[in-house]
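Engineer:
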Amino acid sequence: GAAGGNPDPVTGEGVSLWLGKYVGKTVSNAADFYLSGHFGLFGREHELVVGGSASRKRWTNTGYAPQPGYPTEVPDYRAWQGDIPEPQWQRSYDNNEVTRENGLYVVGRFDVADPLKVIVGSRLASYRSPGTHETGVFVPYAGVVYDL
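Taking this note's numbering, the leading residue of the sequence shown gets 23, the next gets one more, and so forth.
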């Protein structure tokens, strides 16, 4: 739970409690695979990596709220010690949520000069969760590494 509100500095009144209890479980499964290899080009050795990943997460939980009539007002926040009895909980909602993410990627690591490497790659991703669905999201990236 939490407490908040607009307390009166004289009386200490105006703070309310927001109470909830949540019991749940998350199960996650993920896999990643890739192939990598080195190749020569312009007299230097470079690396190419191709791969993919998939994940699935299931989150199940039950939310509980205090039974009606439970006092949520704090009489005087200045003297309050948090000493309230635990409410009698009533089931408020059940949640069964599945999130999936899949992607394919390719990256090249190019040895341009002895201290300089260039990394260029991209990822094609799909994501699905309750209320959100993205398919075919293309994410390019590039970087430069200079060894000191």
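A virtual CB, placed ideally from N, CA and C, is assigned to each residue, including glycine.
Here's a check: name, in chain order, each residue in its chain whose Cβ is nearer than 6 Å to the Cβ of Trp185, leaving out the five neighbours to either side.
Structural biologist: The structure shown has nothing for residue 185, since the chain only spans 23 to 170.
Engineer: In angstroms, rounded to a whole number, what distance separates the CA positions of Tyr56 and Val72?
Structural biologist: Those two C-alpha atoms are separated by around 6 Å.
Engineer: Let me check one thing: in DSSP terms, what residues is Glu67 bridge-paired to?
Structural biologist: Gly62.
Engineer: Rounded to whole angstroms, what's the CA-CA distance from Pro107 to Pro97? Just pull it up for me.
Structural biologist: Approximately 15 Å, taken between the alpha carbons.
Engineer: With which residues is Ile141 paired in a DSSP beta bridge?
Structural biologist: Arg131, Gly165, per the DSSP bridge assignment.
Engineer: Just to confirm the assignment: which complete beta strand (DSSP E) runs, minimum length 3, are found wholly within the stretch 60-119?
Structural biologist: If we require 3 residues or more, the beta strand (DSSP E) runs fully inside the stretch 60-119 come out as 66-88.
Engineer: Let me make sure I understand the geometry here. Which of Glu123, Ser77, Val161, Thr154 has the alpha-carbon closest to that of Leu148?
Structural biologist: Here residue 148 turns out to be Ser, not Leu, going by the sequence shown. Nearest C-alpha to Ser148: Glu123.
Engineer: So Ser168 and Leu126 are in contact, right, with Cβ under 8 Å, and what is the actual spacing, rounded?
Structural biologist: In the sequence as presented, Ser is not what sits at residue 168; that position holds Tyr. Tyr168 to Leu126, Cβ: 29 Å. No contact.
Engineer: Can you tell which of Lys79, Glu69, Gly62, His60 has the C-alpha that lies nearest to the C-alpha of Ala53?
Structural biologist: Per the Cα distances, Lys79.
Engineer: For Asn51, does the three-state DSSP call read helix, strand or coil?
Structural biologist: In this structure, Asn51 counts as strand in the three-state DSSP scheme.
Engineer: Could you tell me the boundaries of the beta strand (DSSP E) in which Gly27 lies?
Structural biologist: Unbroken beta strand (DSSP E) run through Gly27: 24-27.
Engineer: Compute the Euclidean distance between the alpha carbons of Ala25 and Pro152, then round it to the nearest angstrom.
Structural biologist: Answer to the nearest angstrom: the Cα atoms are 29 Å apart.
Engineer: I need the straight-line Cα distance from Thr84 to Asp105, nearest angstrom please.
Structural biologist: Distance between the alpha carbons of Thr84 and Asp105: 25 Å.
Engineer: For Glu67, which option in Asp133, Arg113, Asn51 has the closest C-alpha, if you only look at C-alpha atoms?
Structural biologist: Nearest option by C-alpha distance: Asp133.
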